[in-house]
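According to this note's numbering, the residues represented by the sequence shown are 226 to 282, in order.
Backbone N, C-alpha and C define an ideal beta-carbon position, used for all residues, glycine too.
Computed from a predicted model, the values in this text were never measured in an experiment.
Worksheet: the structure to be examined is printed underneath.
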Amino acid sequence: MDLESQIRLESSQAASLSKEANLAFAARNFTQGRELMRQAVEAGKRCRALIQQLLCH
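Structure follows, in structure tokens:
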């Protein structure tokens, strides 16, 4: 998979996980919300690292 595709995938995953986390928080399911948000942050970090990699080449 090329870098641009990986970036799109990670970005989409981060957004999706963040939305799920917000829904969990709204439903007062804080444990699940925190875990989903943690996963969203990690996906965002991977996305940023891939963007850096793309810009450096």
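### Message
Measuring only the C-alpha atoms, how far is Q278 from L261?
### Response
Each residue's Cα considered, the two are about 26 Å apart.
### Anticipated Cβ contact below 8 Å, E235 with R271, distance rounded
Taking C-beta atoms under 8 Å as the contact rule, E235 and R271 qualify, at a distance of about 5 Å.
#### Entry: Distance between C281 and V266 (C-alpha atoms, nearest Å)
23 Å
### Task
Less than 8 Å between the CB atoms is what I'm expecting for L239 and G269, so what's the real figure, rounded?
Just to set this straight, residue 239 is Ala in the shown sequence, not Leu. Confirmed, Cβ separation roughly 4 Å.
### Task
Within 10 angstroms of the Cβ of A246, are there 16 or more other Cβ atoms? Answer buried if so, exposed if not.
By the neighbour-count criterion, in which a residue is buried when 16 or more other Cβ atoms sit within 10 angstroms of its Cβ, A246 is buried.
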